[in-house]
Each structure stands twice: as structure tokens, then as C-alpha cells.
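Below is one structure, written out as C-alpha cells, with a few remarks after it.
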Amino acid sequence: MTAPSTGPTTGSITGPGPAADALVLFGVTGDLARKMILPALYRLTERGELTVPVIGVARSDWSSDELRKHAGDAVGAVVPDVDGAVLERLQRSMHMVAGDYNDPATFEQLAAAVREQAGQDAFVVHYLAVPPSLFGTVADALAAVGLTDRCRLVVEKPFGHDLASARELNAQLRRHVPEERLFRVDHYLGKEPVEDLLVLRFANTLIEPLWDRTWIDSIEITMAEDFDVADRGSFYDAVGTVRDVVQNHLLQVLALLMMESPQHDTADDQRDAKYTLLSSVRAVDPSEVVRGQYTGYRDVRGVAPDSTTETYVALTLHVDSWRWAGVPVHIRAGKALAETLLDIVVTFRPPPRRLFHGEGGSTLAPNRIRLCLQPDAGVTFFLLAKQPGGGDIATELPMGVDFRQALGPVHEAYERIFADALAGDPTHFARMDSLEEAWRIVEPILDPGTAPLPYAPGTWGPT
Ligand code: NDP
Ligand code: BG6
Numbered sequence: 036m037t038a039p040s041t042g043p044t045t046g047s048i049t050g051p052g053p054a055a056d057a058l059v060l061f062g063v064t065g066d067l068a069r070k071m072i073l074p075a076l077y078r079l080t081e082r083g084e085l086t087v088p089v090i091g092v093a094r095s096d097w098s099s100d101e102l103r104k105h106a107g108d109a110v111g112a113v114v115p116d117v118d119g120a121v122l123e124r125l126q127r128s129m130h131m132v133a134g135d136y137n138d139p140a141t142f143e144q145l146a147a148a149v150r151e152q153a154g155q156d157a158f159v160v161h162y163l164a165v166p167p168s169l170f171g172t173v174a175d176a177l178a179a180v181g182l183t184d185r186c187r188l189v190v191e192k193p194f195g196h197d198l199a200s201a202r203e204l205n206a207q208l209r210r211h212v213p214e215e216r217l218f219r220v221d222h223y224l225g226k227e228p229v230e231d232l233l234v235l236r237f238a239n240t241l242i243e244p245l246w247d248r249t250w251i252d253s254i255e256i257t258m259a260e261d262f263d264v265a266d267r268g269s270f271y272d273a274v275g276t277v278r279d280v281v282q283n284h285l286l287q288v289l290a291l292l293m294m295e296s297p298q299h300d301t302a303d304d305q306r307d308a309k310y311t312l313l314s315s316v317r318a319v320d321p322s323e324v325v326r327g328q329y330t331g332y333r334d335v336r337g338v339a340p341d342s343t344t345e346t347y348v349a350l351t352l353h354v355d356s357w358r359w360a361g362v363p364v365h366i367r368a369g370k371a372l373a374e375t376l377l378d379i380v381v382t383f384r385p386p387p388r389r390l391f392h393g394e395g396g397s398t399l400a401p402n403r404i405r406l407c408l409q410p411d412a413g414v415t416f417f418l419l420a421k422q423p424g425g426g427d428i429a430t431e432l433p434m435g436v437d438f439r440q441a442l443g444p445v446h447e448a449y450e451r452i453f454a455d456a457l458a459g460d461p462t463h464f465a466r467m468d469s470l471e472e473a474w475r476i477v478e479p480i481l482d483p484g485t486a487p488l489p490y491a492p493g494t495w496g497p498t
């Protein structure tokens with residue numbers, strides 16, 4: 036039996052939750068912790084945003100000193116010019132609880148460590164950077180020792196494998212924590228250029244009046260990665276591109292790009308607006324999908340020799356709303372492509388009459404706006420201007436700004452995710468109603484069982 040739909044949670048009032056007295060990091064010895072989380076915790080310590088004890092929990096039989104050494108190595112590998120005093124402050128705040136998540140004794144030890152480091156009534160943020168199959172196990176075990184009574188539970192992605200399993204997982208976690216204390220991570224929501232979509236759209240009257248079917252012809256969202264699945268073969272083969280980045284990251288980007296203006300800049304209003312947009316996106320029609328698999332993928336360790344998992348997908352979405360009816364949204368994403376980038380190209384309708392032409396009488400391209408989110412955030416307006424010389428010949432003129440050059444460096448996504456998890460701000464986490472809509476949208480194209488088209492690594496995917 037599958038768990039029921041949560042239904043829309045629009046209209047709820049979610050203020051910031053209590054600030055954390057301690058951070059418990061499950062999966063502290065893992066890959067994500069090493070690459071992303073420990074460097075983010077260093078940055079937060081540097082800015083004075085992390086001042087509470089950090090208790091790591093994992094199976095490796097490490098002492099607290101071994102954990103501190105590991106943290107130092109992980110930070111040193113990512114952060115240039117590490118400030119020794121800041122690192123030492125972070126290391127001093129760290130404590131290790133070693134044990135298996137299937138063993139109740141691990142959680143007894145954890146409860147004792149929390150009491151010792153933060154006191155009996157501590158409000159604890161539990162961050163689960165562990166294999167998703169263990170999310171429920173850890174939550175049940177935390178509840179058994181009373182550690183869910185005063186906590187925020189933060190779970191990494193993926194949240195479910197499809198709509199039914201997402202609902203089941205949600206029901207299991209919700210037995211222990213209410214929606215407002217359950218934070219589902221989508222690190223794209225912590226990326227500043229993704230958040231900037233809202234500022235660009237709703238702070239600029241130059242843009243927003245044009246942002247609908249009257250003026251926009253089509254939208255393209257591209258997430259390309261020039262690296263392959265590397266050593267994540269067994270993870271990726273069970274997942275594929277649609278589950279890995281479309282259902283979560285790219286549909287969140289799409290929602291921010293196309294949703295109505297939130298009433299206020301609050302977590303609930305933003306998440307209500309995203310839910311409304313996603314609920315008006317039609318489920319993907321399999322006839323509007325191209326799936327690809329790069330040559331050599333089946334030789335990767337952990338990948339089945341006859342795998343039909345896609346490493347590339349291109350698909351078209353349709354938004355059945357007053358604002359967007361008839362405007363196709365083309366999404367493509369993949370691994371082992373020609374470049375690494377995340378960008379959005381919005382193509383406008385041509386002017387009602389074509390008074391001008393390009394060189395040699397050519398038809399002019401319509402206006403476009405390119406919003407680049409990665410690697411270098413920025414915006415480029417492609418305007419048409421008169422070419423110098425005789426005759427009204429128009430030429431395309433890109434006018435762009437690189438936000439990093441203009442505004443300085445941005446914070447990494449995991450810095451935002453942890454800062455907000457500690458402070459209790461749910462804005463940059465996925466709410467269950469939107470997450471269910473996202474699974475509904477991609478459900479018809481999960482696991483079709485047909486062979487994807489081959490493509491050569493380093494290209495733009497199948498022809
Ligand atoms: P890893 O396999 O590298 O790490 C898993 C962690 O969980 C380790 O600390 C491991 O401890 C611990 N663990 C696993 N099983 C047990 C157990 N039975 N008892 C106690 N500890 C256990 O995973 P990742 O770090 O790659 O991924 C963690 C989460 O982050 C997943 O949800 C993943 O989807 C998500 N994620 C990962 C990304 C990445 O780039 N790695 C990117 C985005 C999301 P030990 O090693 O000591 O055995
Ligand atoms: C993760 C996916 O969620 O996002 C990876 O599992 C992908 O496959 C990664 O590479 C991309 O994140 P970013 O921040 O590097 O764009």
C-alpha cells in the first residue's frame with residue numbers, strides 16, 4: 036500500500052524554527068562530507084555562523100582526534116589559504132560517535148554525547164548525509180532515544196525513487212517530525228545564482244512585464260557536465276539523469292524561473308508560488324523525450340553491462356497556465372558532454388513586422404536573454420543594433436555582465452544549506468507538495484527499459 040498524497044500545503048505559516056544548540060552530522064566520513072560539507076562548515080565558522088558543537092556519526096571506528104584530522108585534510112583540499120585559528124576552532128567543536136546505524140547502542144552513545152556537549156534540553160539539527168536507504172532507519176533510531184523531540188531533521192537527496200516511494204519515505208519521517216521541522220535538501224536551492232532568478236525577475240520592471248506567452252516564444256534550460264559518472268557507477272546506474280538532476284534541481288530552477296510573484300519574500304509565499312507553478316506543468320510525454328548514453332558508460336564499475344540507464348536527456352515541458360500556455364520549455368542535461376554549464380536561454384517573439392534584415396538580406400534572430408548560472412553567473416541581453424554604414428542592416432549585439440566580476444564571489448551552496456538548517460529557515464529546502472509534483476511530472480519517463488541512443492563523450496549528446 037502506498038502512502039497518501041500530502042496534498043498542497045499552501046497557506047501554511049512557517050516561521051523560522053529554533054536556532055540549533057548542536058549539529059549532528061550523520062555520514063561525516065563520507066564523500067559528500069569531505070568534498071562539500073566540511074569545507075562549508077569551515078566557512079561558517081569563519082563567519083561566526085557556526086558556534087555550536089558538531090557531533091559526527093559514522094561506522095568508521097574513529098576517535099574525535101581522527102575526525103578532527105580528517106576535517107583538517109578535507110578543508111585543506113578545498114579551501115585556499117586556510118586560516119589555522121578558524122580551522123582549530125572548527126576542529127575543537129567536533130566530536131565523534133562511531134557505530135552502525137542499525138545498532139541501537141550507537142544512538143544511546145549519541146544521546147549521551149549530545150547531553151554532554153549541548154545539555155539536556157538542546158535543540159539539535161540532525162543532518163543525514165547517508166545512503167537514502169538509511170534515512171528511515173536513522174530517523175526511527177533517533178526517535179527511540181528521544182532525539183527527535185527537539186530537533187530539525189535534514190535529509191539529503193534523493194527523496195524517494197518515484198512518487199510512491201517518496202510518499203512512503205515522507206510518511207515514515209513524518210511519524211517523528213512535523214513538516215516544519217523536516218528539511219529536504221536540494222543543494223540547487225542554496226546556489227546564489229539560482230536564488231538570483233527571483234531578484235532578477237521581481238526586482239526589475241524591465242524584465243517582468245515581458246515574462247509571459249505574449250512576448251516569449253520558448254525557453255531552454257541546459258545543465259551540461261563535461262565529466263562522466265567517475266566512481267559513482269553503482270549509484271548512477273540505479274538512478275539516471277532524470278532522477279539525478281531533472282526531477283529535483285532542474286524542476287526547482289524551472290519553478291523559480293516561471294512562477295508567479297510570491298506575495299512576500301517569505302519561505303511560505305515562495306514555496307506556495309513554486310507549488311502552484313509545478314502543479315500546472317503537464318506530465319512529460321514520452322514522445323517528446325530523447326534519451327542518450329555515452330559510449331563507454333557500460334564499462335564503468337558498478338554499471339550493468341546491458342544497462343539502459345540514460346546519462347543524457349532532452350525533453351520538452353508544457354505549462355498549462357494562463358501565463359505560459361503554448362510556450363515550450365526545452366530541458367537538456369547530461370554527463371560527459373562538451374562543457375560544464377548551467378544556463379537558461381529565453382527566446383522572445385519576433386517583432387510584428389520585419390522592417391529590417393541582417394547582412395545579405397538574412398532574417399534576424401529574435402531577441403534572447405541568456406541567464407548563466409554556472410560556471411560564471413551572469414546575464415546577457417542579445418539586442419539588435421544598426422550596423423555602421425549605409426543601409427539599415429541590423430546586427431546582434433550581446434550586452435552582458437558577469438556577476439562575479441561586478442559583485443564579487445558568492446557563497447557555496449552548502450554554506451547556505453547549513454546556515455539555514457542551523458538557523459531554521461526553510462526557504463531553501465524542498466517542500467513535500469512541490470516534490471510530489473516533480474515526481475508526477477517525470478513519472479511517465481522513469482525506467483522506460485528501452486536502449487538510449489549512444490553518443491561520444493565530449494559531444495553535445497545524441498544527434
Ligand atoms: P558515502 O557512501 O560516501 O558515505 C556514506 C556515509 O554514511 C559514510 O560516512 C558512512 O560511514 C555512513 N554509513 C553508511 N552506512 C552506515 C551504517 N550502516 N552505519 C553507520 N554509518 C554508515 O555517501 P555520499 O557521501 O556520497 O552520499 C551521502 C548522501 O549525500 C546521499 O544521500 C547522497 O545521495 C547525497 N549526495 C551525495 C553527493 C556526492 O557528490 N557524494 C552529491 C549530492 C548528494 P563509513 O564510511 O564510516 O562506513
Ligand atoms: C548532484 C548529482 O545532485 O548534483 C550529480 O547527483 C551532479 O550527478 C551534481 O553532478 C551537480 O551539482 P553542481 O553543484 O556541481 O552543479
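In this note's numbering, the protein residues as written are 36 to 498.
A virtual CB, placed ideally from N, CA and C, is assigned to each residue, including glycine.
Cut-off 6 angstroms between Cβ atoms - residues of its own chain near P51, not counting five sequence neighbours on either side: Taken in chain order, the residues that qualify are G459, D460.
Is the beta carbon of V288 closer than 7 angstroms to that of V362? Contact: no.
State yes or no: is the C-beta of L372 within less than 7 angstroms of the C-beta of D261? yes
Since Q144 is in the alpha helix (DSSP H), which residue starts that stretch and which ends it? 139–153
Which residue or residues does DSSP assign as beta-bridge partners of R248? Bridge partners of R248: none, in fact.
Helix, strand or coil: how does DSSP classify R10 here? No information on residue 10 is available, as it lies outside the stretch 36 to 498 that the chain covers here.
Can you name, in chain order, every residue of its own chain whose Cβ lies under 6 angstroms from the Cβ of G91, other than the five neighbours on each side? L60, V63, L102, M131
What's the C-alpha gap between R185 and A147? Per the coordinates, the alpha-carbon of R185 lies some 15 angstroms from the alpha-carbon of A147.
Minimum length 4: unbroken alpha helix (DSSP H) runs contained in the stretch 258–340: With a minimum length of 4 residues, the continuous alpha helix (DSSP H) runs that stay inside the stretch 258–340 are 268–272, 286–293, 302–314.
Since A157 sits in a beta bridge, which residues does DSSP pair it with? DSSP, once it has assigned bridges, lists no residue as partnering A157.
Can you tell me whether D279 sits near the ligand BG6, meaning its C-beta is under 6 angstroms from at least one heavy atom of the ligand? For D279, the shortest C-beta to heavy atom distance toward the ligand BG6 is below 6 angstroms.
Would the beta-carbon of A473 fall within 7 angstroms of that of Q207? no
For the ligand NDP, is there a heavy atom less than 6 angstroms away from the beta-carbon of L67? yes
Taking the CB atoms as reference points, tell me whether D272 and V324 lie closer together than 7 angstroms. no
Can you tell me whether P410 is helix, strand or coil according to DSSP? coil
Just curious, the beta strand (DSSP E) that V114 is in, first and last residue? Here V114 belongs to no beta strand (DSSP E), and DSSP marks it neither H nor E.
In terms of residue numbering, what span does the beta strand (DSSP E) encompassing E431 cover? 429–437
Secondary structure at I242, three-state DSSP: helix, strand or coil? coil
State yes or no: is the C-beta of P489 within less than 7 angstroms of the C-beta of P321? no
Under 7 angstroms between C-beta atoms of M293 and L312: Yes; because the gap between Cβ atoms is below 7 angstroms, this pair is in contact.
What is the DSSP secondary structure of S98, counted as helix, strand or coil? coil
What's the C-alpha gap between R124 and T249? 56 angstroms
Looking at C-alpha atoms only, which residue of G107, T172, A133, R69 is the closest neighbour of L122? G107
L457 to G225, Cα distance in whole Å? 14 angstroms
Is K226 near the ligand NAD - that is, is its Cβ less than 6 angstroms away from at least one heavy atom of it? Annotation note on the ligand NAD: not contained in the displayed structure, which lists the ligand NDP and the ligand BG6 as its ligands.
Relative to the alpha-carbon of L285, which residue among P387, T498, I256 has its alpha-carbon at the smallest distance? I256
Around the C-beta of V364, are 16 or more other C-beta atoms found within 10 angstroms, so that it is buried, or is it exposed? Buried: at least 16 other Cβ atoms inside 10 Å.
Let me know if N205 comes out buried or exposed under the rule of 16 or more other beta-carbons within 10 Å of its beta-carbon. Looking at its Cβ environment, which holds 16 or more other Cβ atoms inside 10 Å, N205 is buried.
Using the C-alpha atoms, what's the distance from H463 back to I48? For I48, the predicted model reports a pLDDT of 41, less than 50, meaning its position is unreliable; a value from the coordinates is still stated below. Counting only the Cα atoms, H463 lies some 16 angstroms from I48.
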